[in-house]
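Just so you know, we're using the working numbering here: the sequence shown kicks off at 1 and counts up by one. Note that the Cβ used here is the ideal one computed from N, Cα and C, for glycine as well.
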Amino acid sequence: MNYFPTELRCNFNKEIHQYPLRKELIATVLANDIVNEMGCNFVTRLQEETGASVVDIANAFAASKELFHFDKTFEKIRQHDNRLPTSVQYELMFMIRRILRRLTRWMLRNRSQKSSVTELVARFEKDVAILVDKLDELLVEEEVQQHNEQAKAWIEQGVDAEVANYISRLSSLYCCYDISIAAKECNTTVERAAKLYFHLGDKLSLHWFLWQINNQVVDNHWQALARAAFREDLDWQQRQLTVQVLNCGCGDSLDSVEQTIENWMHNNKEALSRWENTLKEFKVGNVHEFAKFSVALRELMLLNLNCEATQ
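This is the structure:
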């Protein structure tokens with residue numbers, strides 16, 4: 001609808017919805033958005049990584065963009081034209097593009113059937129809104145401080161405070177889909193699932209491990225695919241571990257999340273020790289080969305299986 005002038009939208013709403021080239025206009029506008037905001041290789045890259053069709057990619061992109069209100073965020077960044085250093089604007093847009101690409105990829109990897117944009121939005125809209133609103137209450141304090149420091153640095157360079165605070169938290173909001181699914185699987189509130197997800201990730205150094213994956217330099221196409229697969233595996237393992245802890249009967253309230261995790265870790269000492277030893281070896285050096293990530297993720301998978309077996 002936004003393709004048409006305001007006067008036409010107000011006075012000829014019914015006629016616009018009956019316009020014979022409506023589908024073609026929607027496809028054109030969506031294609032322009034994808035290329036302008038995500039780059040010309042976005043669709044090709046996701047096809048290679050997921051095997052999804054162009055239509056599925058477009059639907060997943062449009063749904064994620066709507067769920068996180070990225071249209072408004074992009075527009076607010078553009079309003080900083082000629083008021084901010086170009087490098088700062090590029091940095092803000094890069095942050096959005098990176099998260100939007102990962103959100104789109106998640107939807108493509110986790111789809112059980114072909115879904116329309118409306119269906120995808122309806123599936124996650126409520127939980128995403130809750131997590132965006134309450135994120136700082138659910139995160140580990142150290143992560144909140146890191147987000148605040150990043151936002152402060154942007155604000156000092158002239159970025160609007162609301163924009164800076166929102167974009168600085170996108171790296172944590174990426175988990176919204178996994179958290180939503182975990183909450184539904186365990187029949188618990190999304191707040192409790194989120195708090196446990198974040199605090200468990202901190203306890204097991206999963207957030208640190210993700211940082212290592214993101215910072216791994218790639219030299220070719222296959223290494224880029226491997227890095228994306230590592231991120232996907234880690235996200236899946238963290239979600240499964242979250243579900244395990246939620247279902248273990250170690251606690252049942254939002255306030256008891258940290259004690260719930262402690263009880264679960266106490267019950268799974270032996271299984272956790274091997275993962276902890278793997279991380280210790282990982283932290284010895286600053287340069288990592290791709291094989292090390294594969295081995296570490298396998299150990300995390302075994303941790304998941306062994307803990308599940310002992311429940």
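At a Cβ-Cβ threshold of 8 Å, Ile181 and Val190 do not count as neighbours. Note that the C-beta distance between Leu246 and Leu196 is below 8 Å.
Rounded to whole angstroms, the Cβ separation of Trp264 and Cys248 is 5 Å, and the two are in contact under 8 Å. Asp56 counts as buried, since no fewer than 16 other beta carbons sit within 10 angstroms of its beta carbon.
The DSSP-derived three-state label of Arg83 is coil. Glu125 is the residue among Glu125, Lys292, Met93 whose C-alpha sits nearest the C-alpha of Glu66. Secondary structure within the region 45-115: the alpha helix (DSSP H) runs of 4 or more consecutive residues, fully enclosed, are 54-67, 70-78, 86-109 (chain order). In the structure shown, His147 falls within a helical segment according to DSSP collapsed to helix, strand and coil.
Annotation for Gly201: the continuous alpha helix (DSSP H) segment containing it runs 190-203. Leaving aside the five residues that flank Ala228 on each side, the residues in its chain whose CB is nearer than 6 Å to its CB run, in chain order, Glu49. Of all alpha-carbon atoms in Gly39, Arg239, Val218, Leu241, the one lying nearest the alpha-carbon of His288 is that of Val218. In the structure shown, Leu139 falls within a coil segment according to DSSP collapsed to helix, strand and coil. Going by DSSP, His221 is part of the alpha helix (DSSP H) stretching over 221-247.
The alpha-carbon separation between Thr278 and Ala122 amounts to approximately 40 Å. Listed in chain order, the beta strand (DSSP E) elements of length 3 or more contained wholly in the region 258-311 amount to none. Within the same chain, and ignoring the five residues on either side of Asp81 in sequence, the residues whose Cβ sits closer than 8 Å to its Cβ are Gln89.
Its Cα nearest to that of Leu234, the residue Leu206 stands out among Gly158, Glu137, Leu206, Gln150. Taking a 10 Å sphere around the C-beta of Gly158, we find fewer than 16 other C-beta atoms and assign the residue as exposed.
In this model, Asn148 and Phe209 are separated by some 21 Å (Cα to Cα). The C-beta separation of Tyr166 from Thr73 comes to about 7 Å, placing the pair in contact by the 8 Å criterion. If you look at Asp178, you'll find it in the alpha helix (DSSP H) that goes 176-186. For Cys10, the secondary structure class from DSSP, reduced to helix, strand or coil, is helix. Rounded to the nearest angstrom, the gap between the Cα atoms of Cys40 and Leu46 is 12 Å. For Ala291 and Lys152, the gap between their C-alpha atoms comes out near 37 Å.
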